[in-house]
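Residue numbers (the numbering used here): 3 to 78.
As structure tokens, this is what we get:
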């Protein structure tokens, strides 16, 4: 269950691009799309790096939480 929730964060981040663009809501997804359209590649790189770091940190938190949630998993 925890793994699925962690992976859903990636889906939410990718879905944010589509949702923010369609409904014209401000956010990281709209920022990346607007930057692509205006050819501002440094902002695109920063936005993609931010999304990637958030995804990695969430997956790291999921992996660390296994030790707390399942008593069978311990570092020996």
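In this text, a Cβ means the ideal position worked out from N, Cα and C, and glycines have one as well.
Neighbour-count burial assignment, residue i, 16 or more Cβ in a 10 Å radius
i, result
"residue 34", "buried"
"residue 29", "exposed"
For residue i, the three-state DSSP class (helix, strand or coil)
i, result
"residue 43", "helix"
"residue 34", "helix"
"residue 25", "coil"
"residue 20", "helix"
"residue 65", "helix"
Span separating the alpha-carbon of residue i from that of residue j
i, j, result
"residue 20", "residue 62", "26 Å"
"residue 64", "residue 53", "17 Å"
"residue 18", "residue 60", "16 Å"
Take every Cβ of the stretch 38 to 49, pair it with every Cβ of the stretch 5 to 12, and state whether three or more of those distances are shorter than 8 Å.
no
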